[in-house]
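Quick note, in the working numbering, the sequence shown goes up one by one and the last residue is 1015. Beta carbons are placed, not taken as given, at the ideal position from N, Cα and C, and that holds for glycine. Just so it is clear, the structure is predicted and the values come from calculations on it, not from any experiment. Below is one structure, written out as structure tokens; the observations come after it.
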Amino acid sequence: MTLPGVLLLDAAGPEAGFLATAAAARGHQVHAATTAAAYTGYGPELRGLLAGRVVTDFDRPGRALDEIAAYARRHGVGAVLTVNEYLTGLTAHLCAELGLPGNDPASARAARDKAAMAETFTMAGVRTPYTVLVRDQAGLRAALADPRVGFPCVVKPPSAAGSAGVTVVAGPAGAAEAARAAVGMYASGGDPHILVQAYAAGTEYSIESLTQDGTTTHLAVTRKQVTAGPKRVETGHSLPVRLPPAVEAAVYRETEAAVRAAGIRHGASHTEVIVGEDGRCTVIELGARLAAGQIGVLIQHALGIDVWAALLDIALGRPAALAPTTRRYATVRFVTSPRAGRLTSLSGFPATGPGVPFVRLRAAIGSTVHEPGANSHRLGSFVVTGLDAAEVEERADAQLRRIRIEVEPHHDEPGPVPGRPARTDR
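What follows is the structure, encoded as structure tokens:
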């Protein structure tokens, strides 16, 4: 019997690689929808897994939908998935076009555009920060003067990802620069509006969930390590986190309401929340995809859930195995540069082995590096696992301290102009 093909929208990055490997191991032919430029970056291992590809232009979604759908029909594709934040909407429309399990295409914008998301959450009764869509300087001044916003507040682009262009503004003096950083995300095109959002104080978590036939299962609560200051970039994730029962119930209740409001019916979701000192949960935003930053690897090693197989089963309309099979703990640390410049030396990076199942080095010696202002500025990452949470965290921190980074500052070169990244950081 010929198995249905599996189509990945953008197969770059480790998460997509894990999906491709899992599908090929099950005997499915794996296909990729990609751009000509992105395909040149595919490594030989990934290319070897692909049975074929369709090259399209994701910046022209109508044309891309027609081209990819035609390719999928010709090649017997029975499952369409993506781990790319920017392609979740196209994926929903493609699944609907092909009659495959997917998310509600009518709600796809609310799961991608943060302005539509905030409006949809508010209408659905989801506890979310007060948010204003700003179109010009007058609108920015009005938003900052709105007592429902206040200071500190958050300024960010509606359609970026990976913390790019996001600034926590302490007072009026920093608002103009924050707005320029957010608008700068549209240097390569797009609608240069920004969001001004009330700041939610508390502890940041994310909820990793899978939904099948409209029923959502929460796999884990993830604790986030985040930089302080204006740029809040994630430096680590740890799971599973055990919250007090009443707090956990509140977090799951808000998360499920957000998942429903965003039209997620089949597939993964990654919901970022803030839990205040009073235990109340505020939903910041949601992604209709598996979390990046190696969270899938953490789930696999901490809970024994094969998230890649589960995602395939959901996309194929088969029952997915979502129950934990082990009780361990896992954390990831992201390595960042202390300053901007040229990377001249990086030593002490761990190797994979017992208790360190995943290591990824992204930066090459001689390349330009940045202080952490977005997730794309990470130099690499490593995962540490074990039975005891405190012991795992201690080993991870000790390993991070052993890493030595030397950077030669740039003296004459202007800073880079940020543009919309082609995909989320992984």
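Pairwise C-alpha distance: residue j and residue i
i: P781; j: P908; result: 42 Å
i: T717; j: I873; result: 6 Å
i: V810; j: P946; result: 21 Å
i: G606; j: R615; result: 14 Å
i: A987; j: P998; result: 27 Å
i: N692; j: A749; result: 20 Å
i: Q726; j: I863; result: 29 Å
i: E959; j: T925; result: One point to set straight first is that residue 959 is His, not Glu, in the sequence displayed. Rounded to whole angstroms, H959 to T925 spans 8 Å at the Cα level.
i: E674; j: A697; result: 12 Å
i: H739; j: Y788; result: Note that residue 739 corresponds to Gly in the displayed sequence, not to His. Their backbone Cα atoms lie some 8 Å apart in a straight line.
i: Y719; j: R737; result: 7 Å
i: Q883; j: R769; result: 31 Å
i: R991; j: L935; result: 11 Å
i: A713; j: G630; result: 41 Å
i: E634; j: I894; result: 24 Å
i: G803; j: L689; result: 14 Å
i: F710; j: Q618; result: 38 Å
i: R928; j: A731; result: 35 Å
i: V721; j: H966; result: 28 Å
i: G778; j: R831; result: Model confidence at G778 stands at a pLDDT of 48, short of 50, so the residue's coordinates are unreliable; what they give is reported in the following sentence. Between G778 and R831, the C-alpha separation is close to 42 Å.
i: V758; j: A771; result: 12 Å
i: A979; j: E766; result: 40 Å
i: K703; j: A622; result: 25 Å
i: R916; j: V896; result: 16 Å
i: T816; j: Y794; result: 14 Å
i: R993; j: P939; result: 12 Å
i: T941; j: A734; result: 52 Å
Closest Cα partner of residue i within the set the options
i: A699; options: A847, S956, L905, F938; result: A847
i: I903; options: C684, P747, T645; result: C684
i: E861; options: Q814, I894, P819, L935; result: Q814
i: H859; options: L976, G865, R812; result: R812
i: A625; options: A600, T610, G856; result: A600
i: I796; options: G885, L638, D735; result: G885
i: G754; options: T974, E708, R636, N964; result: N964
i: E843; options: A734, A661, L875; result: L875
i: P898; options: E983, H966, T610, I954; result: The question names Pro, but residue 898 is Ala in the sequence shown. Ranking the options by Cα distance to A898, first place goes to T610.
i: T933; options: R662, S956, R636; result: S956
i: V715; options: R931, Y841, D646; result: Y841
i: A612; options: G728, A627, L592; result: L592
i: T645; options: V996, Q786, A658; result: A658
i: L596; options: A668, Y628, R649, R636; result: A668
i: A857; options: R724, E983, L670; result: L670
i: A707; options: Q786, G773, Y794; result: Q786
i: F647; options: E656, G773, G632; result: E656
Whether residue i touches residue j by CB criterion (8 Å)
i: A881; j: I853; result: no
i: L828; j: A919; result: yes
i: L808; j: L905; result: no
i: A764; j: V744; result: yes
i: L900; j: L879; result: yes
i: V981; j: G825; result: no
i: C870; j: A839; result: yes
i: L784; j: P747; result: yes
i: V666; j: H620; result: yes
i: H890; j: Q801; result: no
i: H664; j: G594; result: yes
i: L598; j: L679; result: yes
i: P819; j: T914; result: no
i: G962; j: V822; result: yes
i: R931; j: V973; result: no
i: E845; j: T806; result: no
i: P694; j: A705; result: no
i: G868; j: A912; result: no
Integer Cβ distance of residue i from residue j, believed to fall under 8 Å
i: F971; j: V948; result: 5 Å
i: L968; j: A985; result: At roughly 16 Å, the Cβ-Cβ gap does not stay under 8 Å, so L968 and A985 are not in contact.
i: G975; j: G937; result: Contact flag wrong, Cβ pair sits at about 20 Å.
i: G791; j: E866; result: 7 Å
i: L654; j: E604; result: Rounded, the Cβ-Cβ distance is 23 Å, inconsistent with contact.
i: R649; j: Y628; result: R649 to Y628, Cβ: 17 Å. No contact.
i: R701; j: T677; result: 6 Å
Proximity test, Cβ basis, 8 Å: residue i and chain D
i: R769; result: No chain D is part of this structure, which consists of one protein chain only.
query = Hey, which unbroken runs of the beta strand (DSSP E) at 3 residues or more fall wholly within the stretch 947-983?
reply = 947-950, 969-975
task = Report the residue ranges of all beta strand (DSSP E) runs contained in full by the stretch 710-786; include only those spanning at least 3 residues, in chain order.
result = 720-723, 742-745, 756-758
task = Go through the stretch 784-866 residue by residue and report every complete run of the alpha helix (DSSP H) that reaches 4 residues or more, in order.
result = 834-850
message = Runs of 3 residues minimum, wholly inside the stretch 600-638: which ones carry the beta strand (DSSP E) assignment?
response = DSSP runs (the beta strand (DSSP E)) wholly in the stretch 600-638: 619-623.
key: Complete beta strand (DSSP E) runs within the stretch 921-946 (minimum length 3 residues, chain order)   = 930-936
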